[in-house]
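Student:
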Amino acid sequence: MMNEIIGLFSLATILILLGLILWLFPDYYIDSFRQKMFILRDQLFDDARNGKIGFNDPSYMMLRSSMNGFIQFGHKLNIWQAIFLTFFVKKAKIPTTFSNKLEETVAKNTETQKQLIKSYYVKMNYHVIRHLIMSSPVLVITVVVPLVSFIFLRMNLEKFMKCSRNYLDKINATAYAHGKLE
């Protein structure tokens, strides 16, 4: 009887965790992504207000419009749409790429302004890539968790080896005994 109760509690716990992962986690990341874009857009606005770049500068307007688009439609942006846009939308439908157009508009600016726009462009894309990866529970479970585990293990490999030395010695001794050339 006790095993059945433990089994039911385990099943309930797994279902709750799945609900959190598949329902609440993506919603959290959408809100987090939007908040990061708000902050980035606000910083860009502050730089324009402080005279580092003009409010009517085409590169400023492009970045601001893109950030507005991400804020408004961040809930629709996911990894599957990104893959679809990358591989299946014909390039003929898109007259020029965003980065090419941004480079054209930035070319007229001072070197300081170019660096400023480039830094915002890189930050914006960082947030987009992070959102694409982290808003997909499938990617988080199959890629992010194993990758973080691998990185953690690599960083702590020496400590891990010291802790598991006794166990590894037994395995190594057995392999040596079986593989020893006579």
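Heads up, the sequence shown is in the working numbering, so the first residue is 7 and it goes up one at a time. The C-beta atom is built at its ideal place from N, Cα and C for all residues, glycine as well.
What three-state label does DSSP hand threonine 180 in the structure shown?
Tutor: For the purposes of this step, residue 180 is identified with residue 174 of the sequence shown, where counting begins at 1. Helix, per DSSP.
Student: Around the Cβ of lysine 186, are there at least 16 other Cβ atoms within 10 angstroms (buried) or fewer (exposed)?
Tutor: In the sequence shown, counting from the first residue as 1, residue 186 sits at position 180. With fewer than 16 Cβ atoms within 10 Å of its Cβ, lysine 186 is classed as exposed.
Student: On the DSSP letters alone, give me the boundaries of the alpha helix (DSSP H) that tryptophan 191 sits inside.
Tutor: There is no way to answer for residue 191, as the model of the chain reaches only from 7 to 188.
Student: Would you mind working out which of Gln78, Asp33, Thr92 and Ile12 sits nearest methionine 140, comparing C-alpha positions?
Tutor: For this step, residue 140 is matched to residue 134 along the sequence shown. The shortest C-alpha separation from methionine 140 is found at Asp33.
Student: In three-state terms, what does DSSP make of aspartate 48?
Tutor: Within the sequence shown, the letter at position 42 stands for residue 48. Aspartate 48: helix per DSSP, three-state reduction.
Student: Whole-angstrom Cβ separation of tyrosine 66 and isoleucine 77, contact assumed at under 8 Å?
Tutor: Position 60 of the sequence shown, counting from 1, holds the residue named residue 66. Position 71 of the sequence shown, counting from 1, holds the residue named residue 77. 16 Å between Cβ atoms; not a contact.
Student: Using only CA atoms, which one of Arg70, Leu28, Val95 and Phe79 lies nearest to leucine 145?
Tutor: One-based indexing of the sequence shown puts residue 145 at position 139. Nearest of Arg70, Leu28, Val95 and Phe79 to leucine 145, Cα basis: Leu28.
Student: Once the 5 residues before and after proline 143 are set aside, which same chain residues still bring their CB inside 7 Å of it?
Tutor: Taking the first residue of the sequence shown as 1, we reach residue 143 at position 137. These residues qualify, in order along the chain: Ile27, Leu28, Phe31 and Pro32.
Student: With asparagine 106 as the anchor, note down where its alpha helix (DSSP H) starts and where it stops.
Tutor: Position 100 of the sequence shown, counted from the start, is the residue given in the question as residue 106. 104-112 is the extent of the alpha helix (DSSP H) around asparagine 106.
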